[in-house]
Ligand SMILES: NC(=O)c1ccc[n+]([C@@H]2O[C@H](COP(=O)([O-])OP(=O)(O)OC[C@H]3O[C@@H](n4cnc5c(N)ncnc54)[C@H](OP(=O)(O)O)[C@@H]3O)[C@@H](O)[C@H]2O)c1
């Protein structure tokens, strides 16, 4: 599995990582995460919000913390200054680690100004509870506010909904992040279990490219999404076979012709607003 430098961090992170939202069978999920890690997917994404997920990740990370690029998130209702600190400490406890690699604000919350959350993020960075901080579901203006509030520390990533059928991030967030050396992490790359409909034009294009490259349509989706060098993707799987398949998604690179066909099959949306699941 190819690794890329994650935004301004200098950390080498697998281009395809592993999500952990809505785990139905924790024991299966644990095995799949281990299989994915063995196959090189060192980026593991969790959140305070994902019920039972941090506990599963804790079991996977135990004894091999250095092998994992560990990301968790603060739940928006908890993003007051005190709430953010409490939330992060709760995550560290559930994850059974002293420090995460990146702590994200899950999305903005009207009750708590971004500046207040960033003040807490600065404190958590200074106390080494997290190595870096980032955001999720932030529009460009919100990223600018967060960065200006953080001061000397850097926002290292924006985790956004990005799939073949949800390309809204390409309008503003992706170009902004590319320009400012910020990683973009594509969440729900398979539409959260609703990939493009079989038989539809999008799926047919995926199948055509997949057949040409000798890969699966799901591998084509992942390779398509990470075609820009600052983009990473974090599919979720509770299946060891799927985790290995996802880890091999970039083994056979797509050509310019493949990418052109996919871009035509999944047109950009008119709205410049960031989609959210
Ligand atoms: N920041 C945010 O607001 C936010 C929001 C949503 C998600 N996320 C993060 O992004 C992660 C991924 O998104 P998601 O969980 O919504 O959904 P997703 O990754 O788009 O889709 C997951 C579904 O795809 C299936 N799948 C995975 N690999 C496959 C493969 N190779 N072939 C066929 N099917 C495959 C899984 O089934 P199997 O289990 O059977 O493989 C599961 O049903 C989340 O888990 C979470 O960590 C973040």
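In the numbering used here, the protein residues as written are 13 to 289. Cβ coordinates follow ideal geometry from the N, Cα and C atoms, glycine included. Keep in mind the model is a prediction, meaning the values are calculated, not measured.
message: My parser needs the beta strand (DSSP E) runs of 3 or more residues fully inside the stretch 24-98; what are they?
response: Taking only runs of at least 3 residues, the beta strand (DSSP E) segments lying wholly in the stretch 24-98 are 24-26, 55-57, 81-86.
message: Taking its Cβ as the centre, do 16 or more other Cβ atoms sit within 10 Å of residue 280, making it buried, or is it exposed?
response: Answer is exposed; the Cβ neighbour count stays below 16.
message: Please report the straight-line C-alpha distance between residue 107 and residue 42, rounded to a whole angstrom.
response: Straight-line Cα distance between these residues: approximately 13 Å.
Inter-residue spacing [alpha-carbon to alpha-carbon] between residue 254 and residue 218: Cα to Cα, residue 254 sits roughly 17 Å from residue 218.
- prompt: So, is residue 57 buried or exposed, given that buried needs 16 or more other C-beta atoms within 10 angstroms?
  reply: So residue 57 ends up on the buried side.
Check whether residue 20 and residue 166 have beta carbons under 8 Å apart: Yes, they are a contact pair.
message: Whole angstroms are fine: how far does the CA of residue 197 sit from the CA of residue 258?
response: Those two C-alpha atoms are separated by around 15 Å.
task: Please look up how many angstroms separate the CB atoms of residue 115 and residue 84, rounded, as I've assumed it's under 8 Å.
output: In this structure, residue 115 and residue 84 form a Cβ contact; the two beta carbons are roughly 6 Å apart against a cut-off of 8 Å.
message: If I follow the unbroken alpha helix (DSSP H) through residue 216, where does it start and stop?
response: Run containing residue 216: 213-225, per the alpha helix (DSSP H) assignment.
query: Would the C-beta of residue 91 count as close to ligand 1, meaning under 7 Å from any of its heavy atoms?
result: Outside the cutoff, so no.
7 Å CB neighbourhood of residue 7 in its chain, flanking five on each side removed: The requested residue 7 is not part of the displayed model; the chain covers only 13 to 289.
query: Under the rule that 16 or more other beta-carbon atoms within 10 Å means buried, what is residue 283, buried or exposed?
result: With fewer than 16 other Cβ atoms within 10 Å, it is exposed.
- request: Let me know the secondary structure DSSP gives residue 126 once reduced to three states.
  value: In the structure shown, residue 126 sits in a helix (DSSP, three-state: H, G or I).
message: Assuming the contact rule is C-beta atoms closer than 8 Å, residue 209 and residue 169 should be a hit. Round their C-beta distance to whole Å, please.
response: The beta-carbon separation of residue 209 and residue 169, rounded to 30 Å, does not stay under the 8 Å limit for a contact.
- prompt: How many Å lie between residue 33 and residue 65 at the Cα?
  reply: Residue 33 and residue 65: Cα-Cα distance of roughly 7 Å.
task: Take residue 178 and list the residues in its own chain whose beta-carbon comes closer than 6 Å to its own, dropping the five residues that flank it on each side.
output: Only residues of its own chain outside the window of five on either side were considered, and among them 287 have a CB closer than 6 Å to the CB of residue 178, listed in chain order.
message: I'd like to confirm something about residue 285: is its beta-carbon nearer than 7 Å to some heavy atom of ligand 1, or not?
response: The beta carbon of residue 285 sits no closer than 7 Å to any heavy atom of ligand 1.
- prompt: Under the criterion of a Cβ to heavy atom distance below 7 Å, does residue 108 qualify as lining ligand 2?
  reply: This structure does not include ligand 2; its bound ligands are ligand 1.
field: Neighbour-count burial assignment, residue 289, 16 or more Cβ in a 10 Å radius
entry: Per the 10 Å Cβ criterion, exposed.
task: Tell me whether residue 200 sits in a helix, a strand or coil according to DSSP, three-state version.
output: In the three-state reduction of the DSSP assignment, residue 200 falls in the coil class, being assigned neither a helical nor a strand state.
query: For residue 117, is the classification buried or exposed, using 16 other Cβ atoms within 10 angstroms of its Cβ as the cut-off for buried?
result: So residue 117 ends up on the buried side.
field: Separation of residue 53 from residue 150, as counted between CA atoms
entry: Between residue 150 and residue 53, the alpha-carbon positions lie close to 25 Å from each other.
- request: State the DSSP-derived secondary structure class of residue 234, mapped to helix, strand or coil.
  value: In the three-state scheme derived from DSSP, where H, G and I count as helix and E and B as strand, residue 234 is classed as helix.
message: Just list the residues that DSSP pairs residue 248 with in beta bridges.
response: Bridge partners of residue 248: 31.
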